[in-house]
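Protein chains in written order, with our numbering: chain E, 1 to 222; chain P, 1001 to 1237. Idealized CB from N, CA, C, for every residue including glycine.
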């Protein structure tokens, strides 16, 4: 109970900071919007089967916009020594990880809440399909969960904005592949292999969330 | 005598560089110890270990009866840390920052405690302002309130006067010494010999990763201590 109370305090603090600065959400949203618009124009000129490229476009927008948010997540903590301030609090390091990961997940889901309808409009595709929303949720959980750990690692390096995608993308490739494939299957109206990709997403989420939860302490302590 | 802080054989490496070479130190309950030393002596590293932010390579530390390695959460509950970094969120107001930390420390009746602290550090008129809009001295006062929010028996001060002008530094000293009625155990590191001597019961010299000298303040004059410091550190203060 105490653990969750601390997690909630960290999440609320991140939301409060974001409500005042609007730095993370606005940059993520604008990036996702621009990606969708640019790909829409690019592919409408050359591609006749938009269904073939739409899943890739959607997940490129989500992953790259997500990295922007993840980068900000720990830079904000590091700038004034706030991460050390958090580490001084009488809480398990795992509570700090969980709070930051949940905060990142919420910001990414908020961005997707607006980006998905825009994607539907630009690509003329349905998005109000429960299985598609489930894939988006599972993909985002995996992305934010592992991304939070790597954001904490990258923030201690010199070129931290560059280091995060370099370190993080190779690890998160299974999530991106599974999410793109599952989205493709759903947009094609099929169900074949969908459960396999969903299982892969769930397995990745559980395994990597557990690893990140356990490793965070060693990442943030000197 | 009961010790609030017991440090025994602490070593710390950064890469292959041995920064702390076996620190042994005891601080009694309610005692104020100042640790002085030149840049790179290991002062901040020592305080980071005591604050549970950094792990020692070897040695043991007990704070308020709790072992640093085995009972880190209990240790954190018993310490307050003030550094040259404020550990505050610039975009949040003074009140929002303190309320957040009050929640993290499970402070009972948090709103009353926060208001009381804001009053004590003399920032009631700025409590709704974002911390980023305050002067350095004011931010340091909020930092003092943050460190004391859970009423810790032990305070760790890592060069708390860095970046402050003389007036703000004096204010910091007054706020620290007359902050409340609690007789806290304090370890402070500083470059500033005069400030360090004024604020302590005992003073220690840390140089090249080891405690080289410890003596009570009453047996120490500033000039005599300065000579000892120069001899042991090879510095010209």
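Are there any heavy atoms of the ligand COA lying less than 8 Å away from the beta-carbon of residue i, as far as the coordinates show?
i                     : result
residue 87 of chain E : With respect to the ligand COA, the structure offers nothing, as it holds no ligand at all.
Are the CB atoms of residue j and residue i within a distance shorter than 9 Å?
i                       : j                       : result
residue 1158 of chain P : residue 1081 of chain P : yes
residue 216 of chain E  : residue 129 of chain E  : no
residue 1155 of chain P : residue 1164 of chain P : no
residue 1124 of chain P : residue 1057 of chain P : no
residue 183 of chain E  : residue 132 of chain E  : yes
residue 1103 of chain P : residue 94 of chain E   : no
residue 70 of chain E   : residue 164 of chain E  : yes
residue 32 of chain E   : residue 65 of chain E   : yes
residue 1049 of chain P : residue 1010 of chain P : yes
residue 969 of chain P  : residue 1150 of chain P : Since the first residue shown for chain P is 1001 and the last is 1237, residue 969 of chain P is missing from the structure and cannot be characterised.
residue 115 of chain E  : residue 208 of chain E  : no
residue 1184 of chain P : residue 1197 of chain P : no
residue 993 of chain P  : residue 158 of chain E  : This structure cannot settle anything about residue 993 of chain P, because the visible part of chain P is limited to 1001 through 1237.
residue 1060 of chain P : residue 1020 of chain P : no
residue 1202 of chain P : residue 1215 of chain P : yes
How would you label residue i, buried or exposed, when you count the other beta carbons within 10 angstroms and need 16 or more for buried?
i                       : result
residue 1113 of chain P : buried
residue 18 of chain E   : buried
residue 1078 of chain P : buried
residue 218 of chain E  : exposed
residue 203 of chain E  : exposed
residue 22 of chain E   : exposed
residue 1219 of chain P : exposed
residue 1138 of chain P : buried
residue 1119 of chain P : exposed
residue 170 of chain E  : exposed
residue 117 of chain E  : exposed
residue 83 of chain E   : buried
residue 3 of chain E    : exposed
DSSP on residue i, reduced to helix/strand/coil?
i                       : result
residue 131 of chain E  : helix
residue 1206 of chain P : strand
residue 13 of chain E   : helix
residue 1014 of chain P : strand
residue 1199 of chain P : coil
residue 1130 of chain P : strand
residue 1237 of chain P : Model confidence at residue 1237 of chain P stands at a pLDDT of 48, short of 50, so the residue's coordinates are unreliable; what they give is reported in the following sentence. Reduced to three states, the DSSP call for residue 1237 of chain P is coil.
For residue i, which residues in chain P fall below 8 Å Cβ to Cβ?
i                      : result
residue 92 of chain E  : 1073
residue 219 of chain E : Here the premise fails: no neighbours, minimum Cβ distance about 13 Å.
residue 9 of chain E   : 1100, 1103, 1104
residue 17 of chain E  : 1089, 1091, 1092
residue 81 of chain E  : 1083, 1085, 1086, 1087
Bridge partners of residue i, per DSSP?
i                       : result
residue 949 of chain P  : Since the first and last residues shown for chain P are 1001 and 1237, residue 949 of chain P lies out of range.
residue 1034 of chain P : P/1188, P/1203
residue 1216 of chain P : P/1202
residue 1080 of chain P : P/1155
residue 1067 of chain P : P/1062
residue 1093 of chain P : P/1130
Quick one: which chain E residues come within Cβ less than 9 Å of residue i?
i                       : result
residue 1081 of chain P : 84, 85, 88
residue 1043 of chain P : Here the premise fails: no neighbours, minimum Cβ distance about 15 Å.
Please list the partners that residue i has in chain P, where partner means a Cβ-to-Cβ separation under 9 Å.
i                     : result
residue 21 of chain E : 1091
residue 78 of chain E : Near residue 78 of chain E there are no residues of chain P at all, since even the closest Cβ is about 10 Å away, more than 9 Å.
Is there a Cβ from chain B that is less than 9 Å from the Cβ of residue i?
i                      : result
residue 186 of chain E : Judged by its chain identifiers, the structure shown contains no chain B, and its protein chains are E and P.
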